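Presented below is the structure to which this report refers.
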Amino acid sequence: MSGAVETPVTLDIDAINKLCVEERIYRFRCVEGWSMVVPWSGVMLSRIIKLAKPLSSARFVRFSSIVNPREMIGQRRPVLDWPYREALRLDEAMHPLTLLATGMYGQALPPQNGAPLRLVVPWKYGFKSIKALQHIELVAEKPTTTWQQAAPAEYGFYGNVNPDVAHPRWSQRREVPLGETHKKPTLMFNGYAEQVAGLYTHLDLNQHF
């Protein structure tokens, strides 16, 4: 972790796993309309950020993935500009629901789910929960994220689950849980409104999607 911090921090996966790992059972909602419930294990992101001691200028947190096209063969195709990049406001990153996950279902994360480390932000669509996380940087200005750059009309900075804001190509009012055939209503903030709605009191969520 670097950027607008007093003390840059470098941690390997073993060091992270020593920082009070806990299990969190979260709903997970993909922007493409499917959902599931996942038992994650990991560390609150706020614990890592506090180790670095953010400066007063820090307002956003930028995340970057590993780049390894030899093993991650999807990175060989120029579909996106690698590394994958995501970002949160600092208050979102410090929220107690925001998790750095090292495992799921009682096991270490498998490669397809973001090994060795991924972000989990349960009130946002899945594309915000960056996989194969390598670098975290605190910055003063709002960063541009990978999907914002690739398709700005379809992906906003916030990525909050919101049934009232449709994707340009489909509705977000309903979702299909994996393993089921019937759709169910999508909940505002993926069911975490009581915990996180206060972060967006003065924000037009239709405009800032």
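If you're matching positions, the sequence shown starts at 360 in my numbering and goes up one per residue. For every residue, glycine included, the Cβ atom is placed at its ideal position computed from N, Cα and C. As the structure is a computational prediction, the values presented were derived from the model and not from experiment.
Query, Result
"Relative to the C-alpha of R444, which residue among M403, S488, Y551 is closest?", "S488"
"Express the C-alpha separation of D440 and N427 in angstroms, rounding to a whole number.", "13 Å"
"Can you find the residues in the same chain that come closer than 6 Å, C-beta to C-beta, to S405, ignoring five residues on each side of it along the sequence?", "M453"
"Using three-state DSSP, classify S530 as helix, strand or coil.", "coil"
"Just reading off the beta strand (DSSP E) that Q493 is part of, what are its end residues?", "492 to 498"
"Between the segment 507 to 516 and the segment 396 to 414, can you find at least three pairs of beta-carbon atoms closer than 8 Å?", "no"
"Going by DSSP, name the residue or residues bridged to P536.", "S394"
"Report the three-state DSSP secondary structure of P470 (helix, strand or coil).", "helix"
"Any contact between the segment 519 to 538 and the segment 489 to 508? By contact I mean 3 or more CB pairs, one from each, below 8 Å.", "no"
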